[in-house]
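Quick note on numbering: my numbering labels position 36 of the sequence shown as 484, and the sequence is numbered without any gaps.
Every residue gets a Cβ at the ideal spot worked out from N, C-alpha and C, and that includes glycine.
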Amino acid sequence: MAGSAAAIGFDRERAFYPTVLIVIASYYVLFSAMGPSRRTLIIEIVVAGGFLLIAVLGFRKNFWLIVAALIGHGVFDFVHRFFIVNPGVPHWWSGFCLAFDALLGVFLAVRLMRHPERVSFEGG
Numbered sequence: 449m450a451g452s453a454a455a456i457g458f459d460r461e462r463a464f465y466p467t468v469l470i471v472i473a474s475y476y477v478l479f480s481a482m483g484p485s486r487r488t489l490i491i492e493i494v495v496a497g498g499f500l501l502i503a504v505l506g507f508r509k510n511f512w513l514i515v516a517a518l519i520g521h522g523v524f525d526f527v528h529r530f531f532i533v534n535p536g537v538p539h540w541w542s543g544f545c546l547a548f549d550a551l552l553g554v555f556l557a558v559r560l561m562r563h564p565e566r567v568s569f570e571g572g
């Protein structure tokens, strides 16, 4: 996905990686909406809201926040089941999402190091 987005040029848009972060974080909200627990839904909305806030700050101030949040979300995927009971999450999701998030974070970090003028800037 990241390679295709880079080859096509989608990731040249400032909002691409922050938007992907927001979408990634929203999946747990979707999974909890499919389940019976309102409490879990509220917890997942709060957590996703935190990632949304980091996406906005990263977009406006420093794209390295997006890198940290993507890798951080991968860590979150690994520990999610220990802190939040969400029966809507498929059993394979944590491993898949951990790998995707971490790889995307590393991919973005490499892009930032190679071409900092493209996505790392102040202002907004």
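Fully contained in the segment 516–544 is no alpha helix (DSSP H) run of length 4 or more. If the five residues before and after residue 506 are omitted, its C-beta is found closer than 7 Å to the C-beta atoms of 466, 513, 514 and 517, all from its own chain and listed in chain order. For residue 542 against residue 528, the beta-carbon gap comes to about 6 Å, under 8 Å, which counts as contact.
For the 9 Å CB-CB criterion, residue 532 and residue 491 form a contact. Residue 550 and residue 503 have their C-alpha atoms roughly 16 Å apart. Comparing C-alpha distances from residue 477 to each of 557, 565, 558 and 538 shows the shortest one belongs to 538. Take the alpha-carbon of residue 510 and the one of residue 486: they are about 35 Å apart.
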